[in-house]
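Structure record follows, encoded as C-alpha cells.
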Amino acid sequence: MTQIHSSAVVDSKAEVASDVEIGPYSVIGPHVKIGSGTKIGSHTVIEGHTTIGKDNNFAHFTAIGGPPQDMKYRGEPTQLMIGDRNTIREFTTIHTGTSQDEGITRIGNDNWIMAYVHIAHDCQVGNHTIFSSNAQIAGHVHVHDWAIMGGMSGVHQFVRIGQHAMLGGASALVQDIPPFVIAAGDKASPHGINVEGLKRRGFSSETISALRQAYKVLYKDGLSFEDAKVEIQKMISASAADAATVEKLTEFHDFIAASTRGIIR
Numbered sequence: 063m064t065q066i067h068s069s070a071v072v073d074s075k076a077e078v079a080s081d082v083e084i085g086p087y088s089v090i091g092p093h094v095k096i097g098s099g100t101k102i103g104s105h106t107v108i109e110g111h112t113t114i115g116k117d118n119n120f121a122h123f124t125a126i127g128g129p130p131q132d133m134k135y136r137g138e139p140t141q142l143m144i145g146d147r148n149t150i151r152e153f154t155t156i157h158t159g160t161s162q163d164e165g166i167t168r169i170g171n172d173n174w175i176m177a178y179v180h181i182a183h184d185c186q187v188g189n190h191t192i193f194s195s196n197a198q199i200a201g202h203v204h205v206h207d208w209a210i211m212g213g214m215s216g217v218h219q220f221v222r223i224g225q226h227a228m229l230g231g232a233s234a235l236v237q238d239i240p241p242f243v244i245a246a247g248d249k250a251s252p253h254g255i256n257v258e259g260l261k262r263r264g265f266s267s268e269t270i271s272a273l274r275q276a277y278k279v280l281y282k283d284g285l286s287f288e289d290a291k292v293e294i295q296k297m298i299s300a301s302a303a304d305a306a307t308v309e310k311l312t313e314f315h316d317f318i319a320a321s322t323r324g325i326i327r
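The sequence shown maps to residues 63 to 327 in the working numbering.
Structure (C-alpha cells):
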C-alpha cells in the first residue's frame, strides 16, 4: 500500500506504484512516474517529465526533474530518466535535458549520490558510480560505469569520465579522463591507474599490468597522441590470447580515440 504523508502534494496525474513511500511536504508533479519500492523523504520536489525506476531512495530536500539551467531552454517537454536502486542524498539537484541534445538526462542503476550534488541537463550517468558531496557536473557530461567523483569536484560541460576512473576531491576537470585513470588537481591532471579500485572489482593482475603499460605509453613515453594510439593498438593485438585484457585495452583505446574535448594531460 502506498504510504503518502497527509501533507504531501501528489498530482492526480502522477503514476506512483502502490508501495512507494512519500514523506511530509513533498511535491510530485503531474508528469512523474515512480516505480515500486522507492522511498522519498520530506520536502522533496519531483517535477517535469521524470521517470523513476524501482527501489530508489531520495533523502530529504532533493530537487529532481527541474527545468535545465540553460538560457536557450524555452519550456520544451524534455525528460529525466532514473533507473533502479539509486541512493540520492540531501539537497541534490538533477535537471531534465534540452532540445539542443537528445532531450534526456539519464541516471542508471545502483549509483550513490551524496549530499549537495548537482547533475545538470543532458548528463548521462552510468551504473555503480559514486558522487561524493558537493560534486558538480555541468551539462552534457558523460560519467561511465563505476566512476568516482571526489567531494567538491567540478566538471566542465561536454566532458567524459571513463569507466572505473576517479576524480580527486576539489578538482576541476575540463577535459576527458580515460577509463581506469586517476585524475586530480585544481586543473585535473593524470596520476596513474586506479589500481586499488580495479583490484576490488576483480581485475586480474595481468589486465592491471597491461593497463598500466597503456597508461605509460600514453603519458610517460613522450609519444605524440597519434603515435600513442598506434602503440596501444599494437598492445591489443599482442594480447589476443587474453580476452579480458583485450576488452579493457580496447575500451581504453577507443575512449581516447573518440575524445572531442581532448584527454587530460
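Glycine included, every Cβ here is placed at the ideal spot set by N, Cα and C.
This structure is a prediction, so every number in the text was calculated from the model and none was measured.
*asked:* Once the 5 residues before and after Ser266 are set aside, which same chain residues still bring their CB inside 6 Å of it?
replied: On the sequence shown, residue 266 is found 204 positions in, with the first residue counted as 1. Closer than 6 Å at Cβ, skipping near neighbours: no residue.
*Would you list the residues sitting across from Leu327 in a DSSP beta bridge?*
Position 265 of the sequence shown, counted from the start, is the residue given in the question as residue 327. The displayed chain sequence assigns Arg, not Leu, to residue 327. Arg327 pairs with nothing; no bridge assigned.
*Compare the C-alpha of Asn148 against each of Arg136, Ser286, His183, Thr191 and name the closest.*
Within the sequence shown, the letter at position 86 stands for residue 148. Answer by Cα proximity: Thr191.
*asked:* Counting only beta-carbon separations shorter than 7 Å, does Thr312 have a partner in chain C?
replied: Considering every chain present, this structure includes no chain C. It has just one protein chain.
_Taking 7 Å as the threshold (C-beta atoms), are Thr100 and Asn118 in contact?_
Here residue 118 corresponds to residue number 56 of the sequence shown, with the count starting at 1. Here residue 100 corresponds to residue number 38 of the sequence shown, with the count starting at 1. The answer is yes: Cβ separation under 7 Å.
*Roughly how far, in whole angstroms, is the beta-carbon of Phe193 from the beta-carbon of Phe242, given that I think they are within contact range, below 8 Å?*
Along the sequence shown, read from residue 1 onward, the residue named residue 193 stands at position 131. Along the sequence shown, read from residue 1 onward, the residue named residue 242 stands at position 180. That belief does not hold up - the Cβ atoms of Phe193 and Phe242 are roughly 19 Å apart, past 8 Å.
*Endpoints, the beta strand (DSSP E) within which Leu142 is located*: If you number the sequence shown from 1, residue 142 lands on position 80. Leu142 -> beta strand (DSSP E) spans 141-144.
*Limits of the unbroken alpha helix (DSSP H) element including Ser292*: The residue labelled residue 292 in the question sits at position 230 within the sequence shown. What sits at residue 292 in the sequence shown is Val, not Ser. Looking at the DSSP string, the run of the alpha helix (DSSP H) that includes Val292 is 287-300.
*Can you tell which of Glu164, Val179, Leu229 has the C-alpha that lies nearest to the C-alpha of His202?*
The sequence position of residue 202 within the sequence shown is 140, counting from 1. Closest option to His202, Cα to Cα, is Glu164.
_For Ala125, report the span of its beta strand (DSSP E) as first-last._
Taking the first residue of the sequence shown as position 1, residue 125 is located at position 63. Per DSSP, Ala125 belongs to the beta strand (DSSP E) from 125-128.
_Any heavy atom of the ligand SAH inside 6 Å of the beta-carbon of Phe123?_
Here there are no bound small molecules, and the ligand SAH is not part of this structure.
*Measure the Cβ-Cβ separation of Thr112 and Val94 and say whether it is below 7 Å.*
Taking the sequence shown and counting its residues from 1, one reaches residue 112 at position 50. Taking the sequence shown and counting its residues from 1, one reaches residue 94 at position 32. It is a contact, given that the beta carbons lie within the stated cut-off.
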